[in-house]
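Numbering-wise (the UniProt record's numbering), the sequence shown opens with residue 1 and increments by one. Each residue gets a CB set at the ideal place from its N, CA and C atoms; glycine is no exception.
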Amino acid sequence: MTGYGKSVLQLPTKKITIELKSLNSKNLDLNARMPSIYREKELAIRKILADKLVRGKVDFSIYVEATAEDTSTQINTPVVKQYIEQLKHVVDGDDIDFLKMAVRFPDALNTVREEIDEGEWKTIEAEIKTAIADLINHRLDEGKVLEEDFNNRVRTISNILEQVIAMDPERVEGVRERLLKGVQELREKHDENRFEQELVYYIEKFDITEEKVRLKNHLNYFTESINSKDSNGKKLGFISQEIGREINTIGSKSNYAPMQQLVVQMKDELEKIKEQLLNVL
Numbered sequence: 001m002t003g004y005g006k007s008v009l010q011l012p013t014k015k016i017t018i019e020l021k022s023l024n025s026k027n028l029d030l031n032a033r034m035p036s037i038y039r040e041k042e043l044a045i046r047k048i049l050a051d052k053l054v055r056g057k058v059d060f061s062i063y064v065e066a067t068a069e070d071t072s073t074q075i076n077t078p079v080v081k082q083y084i085e086q087l088k089h090v091v092d093g094d095d096i097d098f099l100k101m102a103v104r105f106p107d108a109l110n111t112v113r114e115e116i117d118e119g120e121w122k123t124i125e126a127e128i129k130t131a132i133a134d135l136i137n138h139r140l141d142e143g144k145v146l147e148e149d150f151n152n153r154v155r156t157i158s159n160i161l162e163q164v165i166a167m168d169p170e171r172v173e174g175v176r177e178r179l180l181k182g183v184q185e186l187r188e189k190h191d192e193n194r195f196e197q198e199l200v201y202y203i204e205k206f207d208i209t210e211e212k213v214r215l216k217n218h219l220n221y222f223t224e225s226i227n228s229k230d231s232n233g234k235k236l237g238f239i240s241q242e243i244g245r246e247i248n249t250i251g252s253k254s255n256y257a258p259m260q261q262l263v264v265q266m267k268d269e270l271e272k273i274k275e276q277l278l279n280v281l
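Shown next as structure tokens:
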């Protein structure tokens, strides 16, 4: 969601600069700054920004710089003359001194409220859309970097999962040996058939076959979703939650230190994915 957009418009009597800055946010948080003459268009501007940008903490600014003799403030000549005549009856002085005092009095200057020229506004509106397009291009550039990072981390989790799959027979044999050793240490006779039945039951409780299959499917779905047109941060967030659920279950069932170390590595990669997903629309 991070990006920056800018557009500059040169009109006959003024230069207009439009700037957009966007940071990460769960919702659209828009802050608009503009000259008072354009305030009546604020709602229209907000609608354009909401439609195009969707989410993010967005700062929108319009700066106006006069480039020709164009002012909305005029001297109220009759009032100033009246002030000067009154001052002459109060103090001695020349007309320059009286004028300096008179222009400081109330109503000496009139400010004429400017009206928006609709033709001019259409041009400004087009420039706003240009600035938005510029910001979106910045977002897309950042998105490409994130996409590469996601793919790398998903591949890393997949590679670690392959190590887990390769280690699983060793883990099961280790569980069997520990149980047999425990029984032998009790120095009690045991029924081999009953022991095998209990061993199968025990190992089934710690079987991770389904978790391995589901985790692999979730990783593939995450990669497919990144490359699809309907990809979005919320969808990827839901998939990452499912990935995390399978990794946690493998960790709780493994009961085998070397495998738990691999689980920790997968969790670390997944947490980094989740952090970056906050930056995705």
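The straight-line gap separating the alpha-carbon atoms of residue 24 and residue 278 is approximately 7 Å. Around the beta-carbon of residue 154, 16 or more other beta-carbon atoms lie within 10 Å, marking it buried. Ranking 193, 158, 206 by CA distance to the CA of residue 270 puts 158 first. Counting of Cβ neighbours within 10 angstroms places residue 91 among the exposed residues, the total staying below 16. For residue 91, the three-state secondary structure derived from DSSP is coil.
When secondary structure is reduced to three states using DSSP, residue 60 falls in the strand class. DSSP lists no beta-bridge partner residue for residue 279. In the DSSP assignment, residue 14 falls within the beta strand (DSSP E) that extends over 14-23. The bridge partners DSSP lists for residue 6 are 19.
Per DSSP, the continuous beta strand (DSSP E) segment holding residue 31 begins and ends at 28-33. Straight through space, the alpha carbons of residue 18 and residue 100 are spaced by roughly 38 Å. Closest by C-alpha distance to residue 208, out of 247, 83, 94, is 247.
Residues of the same chain with a CB within less than 8 Å of the CB of residue 240, apart from the 5 flanking positions on each side, are 222, 270, 273, 274, 277 in chain order. If one requires a minimum length of 4 residues, the alpha helix (DSSP H) runs lying completely within the stretch 211-262 are 233-254, in chain order.
One alpha carbon belongs to residue 178, the other to residue 213, and they sit about 27 Å apart.
In the three-state reduction of the DSSP assignment, residue 65 falls in the strand class. If the five residues before and after residue 211 are omitted, its C-beta is found closer than 6 Å to the C-beta atoms of 246, 249, 250, all from its own chain and listed in chain order. For a cut-off of 8 Å, the C-beta gap from residue 46 to residue 20 is around 13 Å, too long to register as a contact. Distance from residue 107 to residue 76 at the Cβ level is roughly 6 Å; contact confirmed, criterion being Cβ atoms closer than 8 Å. Closest option to residue 44, judged by alpha-carbon separation, among 15, 74, 126: 126.
Contact check for residue 52 and residue 160: beta-carbon distance about 40 Å, past the 8 Å limit, so the pair fails to qualify. With distances taken between CA atoms, residue 42 lies nearest to 61 out of 57, 61, 54.
For residue 233, the closest of 120, 280, 141, 12 by C-alpha to C-alpha distance is 280.
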